[in-house]
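Undergrad: Chains as they are written, first to last, in the numbering used here: chain A, 1 to 152; chain B, 153 to 240. Quick reminder that beta carbons are idealized off the backbone N, C-alpha and C, glycines included. Note that the coordinates shown come from a computational prediction; the quantities given were computed from them, not determined experimentally. What follows is a structure written as structure tokens; I'll ask about it next.
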Amino acid sequence: MTLHIALVQTEEEKISSEKAKKFIISEKNGAESIFIGRVRNENIGKKVTAITYDTHDQAAIKSFQAICNDAKKKFDKNASIFLEHAKGYTPVGEISIIIAVGSGHRDEAFKICRYILEEIKHQSPIWKKEHYVEGAEKWLTGHSLRPKKEIK
Amino acid sequence: MEIQLKLYGSSKMLSDNEILHVQLPNNSNIKTLRSVLGKIIYKKYLKNNLENLPDAAAFFSEADEVVNDNYKLKDKELISIIPPIGGG
Chain A
1 MTLHIALVQT
11 EEEKISSEKA
21 KKFIISEKNG
31 AESIFIGRVR
41 NENIGKKVTA
51 ITYDTHDQAA
61 IKSFQAICND
71 AKKKFDKNAS
81 IFLEHAKGYT
91 PVGEISIIIA
101 VGSGHRDEAF
111 KICRYILEEI
121 KHQSPIWKKE
131 HYVEGAEKWL
141 TGHSLRPKKE
151 IK
Chain B
153 MEIQLKLYGS
163 SKMLSDNEIL
173 HVQLPNNSNI
183 KTLRSVLGKI
193 IYKKYLKNNL
203 ENLPDAAAFF
213 SEADEVVNDN
223 YKLKDKELIS
233 IIPPIGGG
């Protein structure tokens, strides 16, 4: 198996970088590239305590599969990919996303990692609600999936 | 007719429930749904900064595919509203 994708309910389970490393390790791979995204304690001058990730589970998983398969086709069909994204309430400091790639060479490993991250931001139905120190919360704006020709 | 609108992201401010029941004229399409949602937001939720939602959102059919403005809605159909996304 060379592909693992999942949404992780972070109130029940933590995303583990050790699990990701174990998944991609192989004697065939000369390069491993691992991207870890964490919840930051500040955004645009506001002190953040946590982010709640809302997801359209079925469509998000479908988009992860398509993005990872595209990445393999584009850069290295033999690459191993481990991708997990947080779902639910995720406090500051915890992992929100991990993308681990094992590939024959470093260039492909870096490119696949970057490609997957950028495509998730533009394709996967996932939303963030920030929680602030003073108790307020806010849904963040993002990228519209509405067909471009229809947007006024 | 009525559709069931499954709420995601910022659209969850429209209801405490996961699904919002929206009354529409018969033979409505997604364009009509956008217009009706705009009216609901204007009446009750303007202070929540949702005024751009009807225009910026995409809508998924039950097959989890984006449907365009001409997509004809069926009575009791389940449609997901997909506000602008931002994971990662």
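Using a cut-off of 8 angstroms between C-beta atoms, extract the partners of Q58 of chain A located in chain B.
TA: Near Q58 of chain A (Cβ distances below 8 angstroms), the residues of chain B are D216.
Undergrad: Rounded to whole angstroms, what's the CA-CA distance from G104 of chain A to I95 of chain A? Just pull it up for me.
TA: Spanning the two alpha carbons is a distance of roughly 27 angstroms.
Undergrad: Taking M165 of chain B as the reference, give the member of B:T184, B:L189, B:L176 with the closest Cα.
TA: Of B:T184, B:L189, B:L176, the residue nearest in Cα terms is B:L189.
Undergrad: Under 8 angstroms between C-beta atoms, does D221 of chain B make it to chain A?
TA: For D221 of chain B, the answer is yes, since a Cβ of chain A falls inside 8 angstroms of its Cβ.
Undergrad: For the stretch 131-149 of chain A, which residues have a CB atom closer than 8 angstroms to at least one CB atom of chain B, in sequence order?
TA: Within the stretch 131-149 of chain A, the qualifying residues are W139, L140, T141, G142, H143, S144, L145, R146, P147.
Undergrad: Looking at the unbroken alpha helix (DSSP H) that takes in H122 of chain A, where does it start and where does it end?
TA: Where H122 of chain A is concerned, the enclosing alpha helix (DSSP H) stretches over 106-123.
Undergrad: Give me the chain B residues within the contact set of L117 of chain A, using Cβ-Cβ distance strictly less than 7 angstroms, ordered along the chain.
TA: Simply G240.
Undergrad: If you drop the 5 nearest sequence neighbours on each side, which residues of the same chain put their C-beta closer than 7 angstroms to that of C153 of chain A?
TA: What the structure shows of chain A is the stretch from 1 to 152, and residue 153 of chain A is not part of that stretch, so it cannot be assessed.
Undergrad: Quick one: what's got a C-beta closer than 8 angstroms to I67 of chain A's C-beta in the same chain, skipping five residues either side?
TA: If we look at I67 of chain A and ignore the five residues flanking it on each side, its Cβ neighbours are Y115, I116, E119, I120, Q123, S124.
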